[in-house]
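Q:
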Amino acid sequence: MKGTLLMVIMLLGSALALQLPSATLGLRPSFAGAILEGRISSARDDELLGVWSGGGRARLLKCTPRCMAVPSIPVSGTVVLNADSAYRVALGGSFKSGQKLVLVLKFRDQKILNVNATVARQ
Numbered sequence: 000m001k002g003t004l005l006m007v008i009m010l011l012g013s014a015l016a017l018q019l020p021s022a023t024l025g026l027r028p029s030f031a032g033a034i035l036e037g038r039i040s041s042a043r044d045d046e047l048l049g050v051w052s053g054g055g056r057a058r059l060l061k062c063t064p065r066c067m068a069v070p071s072i073p074v075s076g077t078v079v080l081n082a083d084s085a086y087r088v089a090l091g092g093s094f095k096s097g098q099k100l101v102l103v104l105k106f107r108d109q110k111i112l113n114v115n116a117t118v119a120r121q
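Residue numbering for the sequence shown follows numbering that gives the first Met the number 0, starting at 0 and increasing by one per position.
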């Protein structure tokens, strides 16, 4: 009985460890690019290590009190990203309203998430 219970707990732990974060994202045009807007959720503590689009790698920023580039953004539960949040993701390039992009998000432990995002109106 104890062995079976232990095995079930280990399997559930493994399933949670392999679970990918989820994201609902869009882009808001800004000076020389766009700012990622939306939510990233994870069932366990994780880190966003990078974001890529067709135009290249985005810049991860921590904006308290000033914006500075950081190597990762902590994801604990749900993180809201926008032009006013403490953490931001800035993409360089030229974007048009209604344009659809595929973003690639890389998390700790080599987890990759592909997300469709639409550029909002200015």
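All C-beta atoms in this analysis are idealised placements derived from N, C-alpha and C, irrespective of residue type, glycine included.
Which ranges would you report for the alpha helix (DSSP H) in the stretch 31-97 if only whole runs of at least 4 residues count?
A: none
Q: Here's the rule I'm using: 16 or more other beta-carbon atoms within 10 Å means buried, otherwise exposed. How should S75 be labelled?
A: As a position in the sequence shown, residue 75 is number 76, starting the count at 1. S75 is exposed by the Cβ-count criterion.
Q: So, is P20 buried or exposed, given that buried needs 16 or more other C-beta atoms within 10 angstroms?
A: Looking up residue 20 in the sequence shown gives position 21. That one is buried.
Q: Taking contact to mean 3 or more Cβ pairs, one atom from each stretch, closer than 8 Å, check whether the stretch 72-90 and the stretch 28-36 are in contact.
A: yes
Q: May I ask you to report which of helix, strand or coil DSSP gives R27?
A: Numbered from its first residue, the sequence shown carries residue 27 at position 28. R27: strand per DSSP, three-state reduction.
Q: Please list, in chain order, all residues of the same chain as D44 whose beta carbon is under 8 Å from its beta carbon, the five residues on each side excluded.
A: Taking the sequence shown and counting its residues from 1, the one referred to as residue 44 is at position 45. Excluding sequence neighbours, D44 sits near P73, V74, S75.
Q: Is it buried or exposed for A57, if we count other Cβ within 10 angstroms and need 16 for buried?
A: By 1-based counting over the sequence shown, the position of residue 57 is 58. Counting Cβ neighbours within 10 Å, A57 comes out buried, since at least 16 surround it.
Q: In the DSSP assignment, what residue or residues form a beta bridge with A22?
A: What you label residue 22 is simply residue 23 of the sequence shown in a count that begins at 1. Answer by DSSP bridge pairing, in chain order: I39.
Q: Quick one: does K105 have its CB under 9 Å from some CB of chain C?
A: This model lacks chain C altogether; it includes just one protein chain.
Q: Buried or exposed, going by whether 16 or more other CB atoms sit within 10 Å of the CB of V88?
A: Walking along the sequence shown from the start, residue 88 turns up at place 89. Classification of V88: buried, given that the 10 Å Cβ count is 16 or more.
Q: Who are A116's beta bridge partners in DSSP?
A: Counting from 1 along the sequence shown, the entry for residue 116 is found at position 117. Paired residue(s): L100.
Q: Spatial neighbours of R27 within its chain, please: C-beta separation below 7 Å, excluding the five flanking residues on both sides.
A: Here residue 27 corresponds to residue number 28 of the sequence shown, with the count starting at 1. The answer, listed in chain order, is A33, I34, E36, A82, A119.
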